[in-house]
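Line order of the protein sequences matches chains S and R. At position 271 of the first sequence (counting the first as 1) the number is 271 in my numbering, and the numbers step up by one without a gap. Convert by adding 316 to the 1-based position in the second sequence; the result is the number in my numbering. Each residue gets a CB set at the ideal place from its N, CA and C atoms; glycine is no exception.
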Amino acid sequence: MILSPVLRRLLVFAATLLAASLAIFIVMDVLPGDPAAIMLGTSARPDTLAAMHHQLGLDRPATVRYLSWLGGMLRGDFGTSITYGVPVSRLFADRLALTLPLALLAVVGSTLVALGLGMAAVARLGRATDHAVAVFSQLGIAVPDFWLGLILILCFATGLHWFSAIGFPGWSGGFFPALKALLLPAVALAVPQAAVLSRVTRAALLEVTHQDFVRTARAKGLRGSTIMLRHVLPNGLVPVLTIVGLQFSFLIAGAVLVENVFALPGLGRLVYQALAQRDLVVIRSVTMLFAAFVMLVNLAVDLAGLLLDPRLRAAR
Amino acid sequence: MLFRIVARAALVAAAFLAASAMEPAFAARTAVVVGISSEPPGLDPTVAAPATIRELTLWNVYEGLVRLDEKGDVQPLLARDWTISPDGLTYTFHLRPNVHFHNGVAFDSGVVKFTLDRARGTDSTNAQKQFFEPIDRIETPDPLTAVIVLKKPAGNLLYWLAWGDSVMVEPKSAATDRTDPVGTGPFRFRDWARGDHVDLVANPDYWGAKPELQTVTFRFISDAQAQAAALKAGDIQVFPDFLAPELFGDFQKDKRFGAQVGTTSRKVVAGMNAARKPFDDVRVRQALMQAVDRKAVIEGAYSGFGTPIGSHYAPSDPGYVDLTGVLPYDPAKAKALLAEAGYPNGFTATIKVPQWSETTRSAEILQAMLAQIGVTLNIVSSEFPAQWLQDVFKGGNFEMTIIDHAEPMDIGIYARPDYYFHYRNPAFDDVIGKAEATADAGARNALYGDAQTILAHDVPALYLFDLPRLSIADARLKGLWKNEPIPSINLADLRWED
Chain S
1 MILSPVLRRL LVFAATLLAA SLAIFIVMDV LPGDPAAIML GTSARPDTLA
51 AMHHQLGLDR PATVRYLSWL GGMLRGDFGT SITYGVPVSR LFADRLALTL
101 PLALLAVVGS TLVALGLGMA AVARLGRATD HAVAVFSQLG IAVPDFWLGL
151 ILILCFATGL HWFSAIGFPG WSGGFFPALK ALLLPAVALA VPQAAVLSRV
201 TRAALLEVTH QDFVRTARAK GLRGSTIMLR HVLPNGLVPV LTIVGLQFSF
251 LIAGAVLVEN VFALPGLGRL VYQALAQRDL VVIRSVTMLF AAFVMLVNLA
301 VDLAGLLLDP RLRAAR
Chain R
317 MLFRIVARAA LVAAAFLAAS AMEPAFAART AVVVGISSEP PGLDPTVAAP
367 ATIRELTLWN VYEGLVRLDE KGDVQPLLAR DWTISPDGLT YTFHLRPNVH
417 FHNGVAFDSG VVKFTLDRAR GTDSTNAQKQ FFEPIDRIET PDPLTAVIVL
467 KKPAGNLLYW LAWGDSVMVE PKSAATDRTD PVGTGPFRFR DWARGDHVDL
517 VANPDYWGAK PELQTVTFRF ISDAQAQAAA LKAGDIQVFP DFLAPELFGD
567 FQKDKRFGAQ VGTTSRKVVA GMNAARKPFD DVRVRQALMQ AVDRKAVIEG
617 AYSGFGTPIG SHYAPSDPGY VDLTGVLPYD PAKAKALLAE AGYPNGFTAT
667 IKVPQWSETT RSAEILQAML AQIGVTLNIV SSEFPAQWLQ DVFKGGNFEM
717 TIIDHAEPMD IGIYARPDYY FHYRNPAFDD VIGKAEATAD AGARNALYGD
767 AQTILAHDVP ALYLFDLPRL SIADARLKGL WKNEPIPSIN LADLRWED
């Protein structure tokens, strides 16, 4: 039986998730560090440690803990945080309310900038604009995002007092204050991403401009901007889209340094803190959700690729 | 067309920025935003050890029978006064009347009994359960009298009862105090946005003097640069325990801020494993101590803030003796001692170092100083708390290490046979035993002086310095404690003054 490409991708998705859950559990279990000892400090006694282990369910065998975790997740229960004492799903949802808009803002910003720069560079190949774009992308790649964040804080928060240096007021306090709090961190995250992406865009578009159909379009006497927008851009978009997908996944989990600089309660910091405290429940479940999310994004990018490029639709 | 869209967008953005710039830079005069470096894991100091829990809640949300003042002396709190029987075995506390928990439950002797029985019970996860070990039973002759009867004298009982581990909790709410703390203090818990902040509000029914502040927000900012930026941008108005000494000088010069250098109970010490060669030889340990210039360590590791210590005792703790002169910096003598111990050419050792800046920098300076007497120190990082607790503390798998010991009055750890230094000295154990059984403060402090002296000569660890409490506050905010005798941030005295 030949599976449709979509169904095949969904099956691979499910199998990868199960494998990821096992890998995550094993890694977390062999990681040195006892959450009970961390909670009770250097004066902990064997009896208080035992009481804490029992309270946290750490005195059960590993297989039982794995299966109960897996079973819980299938029912939508991701466990209760060891340090916070609240459900992981609530922590995850709270953090996602910051991380998702932040990542979206950064990705949309960086994509728009990168597409503009990429197109401009290709349109004026070898001329000043092209060189300026090259310099920007060199600089953007070299500058770490957290450092850029610090510079932005120095300029716009402690200097001009236009923005708060730190924190996130939450969406309940209104859309604009929340958006404003995300603006500087989004810029800090977007610039290095835009730098990478503008290179990718330039290379991808450049390749398309050498294709026959572009020459045909030119021969038809179409204007340069029309050729760029109608013929070059759509055909050069597949590799760009793949990188955007990767960048988005990275921003969901990898914004931790920028989150630290702006003291934002994002997902990256949740995991970082949980790791330091050995909050195994949080790390495991959030890593799992991350994995699922990244796989979902990849799946979406794959499916979008199928839509964009009919040649990929043929089952290989 | 495009130009018009851009222009319009720029106008909207400008209006938006202008509107937000008009927000007051500082909060109203009954509100304050306090910055702290790390987020507490739960808000119940009776079930977990981290100091941040106490900084947020002790004497703000929760109260104990007694408290400490800024000098570290025990003062009445929920107990108005007390008497101690001549044999030191019976403590009778007379409780304050008309005290209620934030949920309306009355505070009485039954609560005292519940709290202490919970702390010493079989299911207890109290981080200082040993405090309650000497207790035989708690009697409640009437609602306003609680009698603690001991099995053996415990001279430090009152002091221990002032700690966060001993605050009063009531039966209905105790189980949920971690997420929804209920105490008798001047502030009530309102909200905890995890990863971001905790909000407290003034308790209108407080039994004592009402605090001037109406709302207090604790913000968690771990990055030192972000701490400084948040202060300068006015996002927070006070940082009681600023962790970046290299940035502190800026604030000392800035008129908008009040910057104070106080004391803490946090002692930076480089422990040695006395169960391993060559650290089992007291001469080797003494030689290493004499190779260390404490002043230079403080200069390099903490920008010159901090007090040199000669033993495991904070200068702010009662009974402190300055013993930095016992084994002073003297590289020539150190080299001679090392030769006498059989290491004329020195030796190589590994030091396991947590990731904090003060320990990392101290270790690097120690490495350079010990190199002068021929000792090669290899620095290996050890993630604190997780890895360090398992590997060094519990596993004893180390030669040297360096951490700050945060607990006040914890010199007794050297009498614990299983403690990570593996230091054994019956004479020391004897002095500590006597001190812990002595109720008279003067006599007890003298004994603690003897204990400090023994350690200053035996040096189970290299005693380096006592960490300062670097606090920064808006210059108009008054009443912040300069010193920190015990992990806490006392909010009740904070007030705005113009």
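Quick one: residues in its chain with C-beta nearer than 7 Å to the C-beta of V214/S, no 5 flanking neighbours on either side, listed in chain order?
-> If the five residues before and after V214/S are omitted, its C-beta is found closer than 7 Å to the C-beta atoms of V208, I227, H231, V232, all from its own chain and listed in chain order.
Output the residue ranges of the beta strand (DSSP E) runs that lie fully inside the stretch 494-530 of chain R and measure 3 residues or longer, sorted by chain position.
-> For the stretch 494-530 of chain R, whole beta strand (DSSP E) runs of length 3 or above, ordered along the chain, are 503-509, 513-518.
Secondary structure of M725/R, DSSP reduced to three states = coil
Would you mind listing the alpha helix (DSSP H) stretches within the stretch 341-412 of chain R that are 4+ residues and don't spill past its ends, in chain order?
-> 367-373
Of all the options L771/R, A722/R, R760/R, R732/R, which has the alpha carbon lying nearest to the alpha carbon of L783/R?
-> A722/R
For the 8 Å Cβ check, are there 3 or more pairs between the stretch 193-202 of chain S and the stretch 110-125 of chain S?
-> yes
Quick one: does K445/R have its CB under 9 Å from some CB of chain S?
-> yes
Local Cβ density within 10 Å of E674/R, reported as buried at 16 or more and exposed below that | buried
Any C-beta of chain R sitting closer than 9 Å to the C-beta of I166/S?
-> yes
By the 10 Å Cβ neighbour count, where 16 or more other Cβ atoms means buried, how is A167/S classified, buried or exposed?
-> The identity of residue 167/S in the sequence shown is Gly, whereas the question assumes Ala. Buried: at least 16 other Cβ atoms inside 10 Å.
Proximity test, Cβ basis, 9 Å: L270/S and chain R | yes
Tell me whether A648/R is buried or exposed, calling it buried when 16 or more other Cβ atoms sit within 10 Å of its Cβ.
-> exposed
Does the beta carbon of K593/R sit closer than 9 Å to a beta carbon anywhere in chain S?
-> It does not; no Cβ of chain S falls within 9 Å.
Would the beta-carbon of W147/S fall within 9 Å of that of F156/S?
-> No; because the gap between Cβ atoms is not below 9 Å, this pair is not in contact.
Answer with yes or no whether the minimum CB distance from I153/S to chain R is below 9 Å.
-> yes
With hydrogens ignored, establish whether the beta-carbon of Q543/R is closer than 8 Å to any heavy atom of the ligand HEM.
-> The ligand HEM is not part of this structure, which contains no ligands at all.
For the stretch 643-724 of chain R, which segments carrying the beta strand (DSSP E) assignment without a break, of at least 3 residues, lie completely within its bounds, in sequence order?
-> 664-669, 692-697, 719-721
Would you list the residues sitting across from R811/R in a DSSP beta bridge?
-> K794/R
How is S538/R classed by DSSP in three states: helix, strand or coil?
-> coil
Count the CB pairs spanning the stretch 415-430 of chain R and the stretch 22-29 of chain S that are closer than 8 Å, and state whether there are at least three.
-> no
Can you tell me which of the three DSSP states L318/R falls into?
-> Reliability fails at L318/R, whose pLDDT of 42 lies under 50, so the model's placement of it is uncertain and the value that follows must be treated cautiously. Secondary structure of L318/R (DSSP, three-state): helix.
Three-state class that DSSP yields for Y739/R in the structure shown = coil
Is there a Cβ from chain R that is less than 9 Å from the Cβ of M73/S?
-> Not an interface residue.
Which bits of chain R does H210/S rub up against, with CB to CB less than 8 Å?
-> By Cβ distance, chain R contributes nothing, its closest Cβ being about 29 Å from H210/S, past 8 Å.
Please check the pair V498/R and F417/R, which I expect to be a contact at CB under 8 Å, by giving their CB distance rounded to whole angstroms.
-> 5 Å
For the candidate residues V363/R, P413/R, A443/R, whose alpha-carbon lies nearest to that of A490/R?
-> Of the listed residues, the one whose Cα sits closest to A490/R is V363/R.
Sorted by chain position, which residues of the same chain lie with C-beta nearer than 8 Å to A190/S's C-beta, five sequence neighbours on each side aside?
-> Excluding positions up to five away in sequence, the list reads L105, A106, V107, G109, S110, V113.
Minimum C-alpha distance to N519/R - residue among P742/R, D512/R, V532/R, I788/R | V532/R
On the three-state DSSP scale, how would you describe G140/S?
-> helix
Examine chain R for any beta-carbon lying closer than 9 Å to the beta-carbon of L112/S, and answer yes or no.
-> Contacts with chain R at 9 Å (Cβ-Cβ) do not include L112/S.
Among A443/R, L394/R, W398/R, P361/R, which one has its Cα closest to the Cα of T42/S?
-> A443/R
Beta-carbon of A341/R versus every beta-carbon of chain S: anything under 9 Å?
-> Here the model assigns A341/R a pLDDT of 45, short of 50, so the residue's position is not dependable, and the following value carries that caveat. Closer than 9 Å to some Cβ of chain S, the Cβ of A341/R qualifies, so yes.
Are the CB atoms of V642/R and H773/R nearer to each other than 9 Å?
-> yes
Considering only residues of the same chain and omitting the five flanking positions on each side of H394/S, which have a CB-CB separation below 6 Å?
-> Chain S is shown only over 1 to 316; residue 394/S falls outside these bounds and no answer can be derived.
With which residues is S787/R paired in a DSSP beta bridge?
-> Q576/R
Kindly indicate if chain S contains any beta-carbon less than 9 Å away from that of D539/R.
-> Output row for D539/R: interface = yes.
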